[in-house]
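Right, one structure below, let's go through it.
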Ligand SMILES: [Mg+2]
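This is how it looks when you write it as C-alpha cells:
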C-alpha cells in the first residue's frame with residue numbers, strides 16, 4: 001500500500017526569507033532577501049512532500065514575499081497559504097503575545113503522523129511540538145547553510161510512518177544533514 005504523501009508546512013519570515021524596509025520618497029518599500037539554497041530546497045523536498053505555507057504575518061506581506069520569489073525565478077505555489085488569520089492569538093503569562101499555529105486544524109485533511117512543520121520560532125508551536133522542526137532564523141547571511149542541511153534531513157526521514165515519534169530537536173546531528 002502506498003504511504004500517504006507527507007505534508008510539510010513551511011513558515012515564511014526568517015525561514016524561507018528575511019525582509020526589511022527601504023525608505024522611498026513617500027514612505028518605505030519592503031525588500032526580501034531569499035535564503036540561500038531556496039530553489040533547490042523547494043525542488044528536492046517538493047518531490048517527496050506536499051508543500052504548504054503558514055505564516056503569522058499578514059496575507060499581503062506573505063504574497064509580497066512570494067512575488068519576490070517569482071521575480072527571482074523561484075515560483076512557489078504552496079498547496080495552501082495560511083496567514084495570521086488562521087493563527088490562534090495567545091497572551092502569555094509574561095505579557096508576550098504569540099500567534100500560535102495549531103496544526104490540529106489540519107487533521108481532518110491530513111493525518112498528523114505525516115505532517116511536519118518548519119519554523120524558526122518554537123513558541124508558535126506550543127501545541128504541536130511533535131510535528132515541529134526548528135530552523136535557525138535567517139538573518140540575511142549569504143553563508144547560511146540551513147536549507148541544504150534541512151533538505152537532506154527531510155528526504156532521509158520522509159518514509160517514516162509517524163513523524164511525531166521522531167526526536168527532531170537533534171535533526172542537525174542526523175548523518176544526512178551532517179553530510180550536506
Ligand atoms: Mg518565522
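Residue numbers (the UniProt record's numbering): 1 to 180. Don't be surprised by glycine CBs; every beta carbon is placed ideally from N, CA and C.
One alpha carbon belongs to residue 7, the other to residue 26, and they sit about 42 angstroms apart.
Contact check for residue 35 against residue 16 passes: the beta carbons are separated by less than 7 angstroms. Note that the region 31-45 touches the region 129-145; at least 3 beta-carbon pairs, one per stretch, sit closer than 8 angstroms.
Taking 6 angstroms as the cut-off, one finds at least one heavy atom of ligand 1 near enough to the beta carbon of residue 14. Residue 9 and residue 115 do touch by the CB rule: their CB atoms are close to 7 angstroms apart, below 8 angstroms. Nearest Cα to residue 176 within the set 161, 147, 165, 164: 147. Taking every protein chain shown into account, the CB of residue 133 has 16 or more other CB atoms within 10 angstroms, so this residue is buried. Between residue 50 and residue 83, the CB-CB gap reaches or exceeds 7 angstroms. A check of alpha carbon separations from residue 75 across 42, 165, 160, 156 identifies 42 as the nearest.
Per the DSSP secondary-structure output, residue 31 pairs in a beta bridge with 20. Residue side-chain check: residue 120 places its Cβ nearer than 6 angstroms to a non-hydrogen atom of ligand 1. In this structure, the C-beta of residue 11 approaches ligand 1 to less than 6 angstroms from one of its heavy atoms. Between residue 120 and residue 135 a beta carbon distance of about 5 angstroms is seen, short of the 8 angstroms cut, so the two are scored as contacting. Taken in chain order, the unbroken stretches of alpha helix (DSSP H) that lie wholly in the UniProt domain "FCP1 homology" (1-157) and span 4 residues or more are 38-46, 59-71, 146-157.
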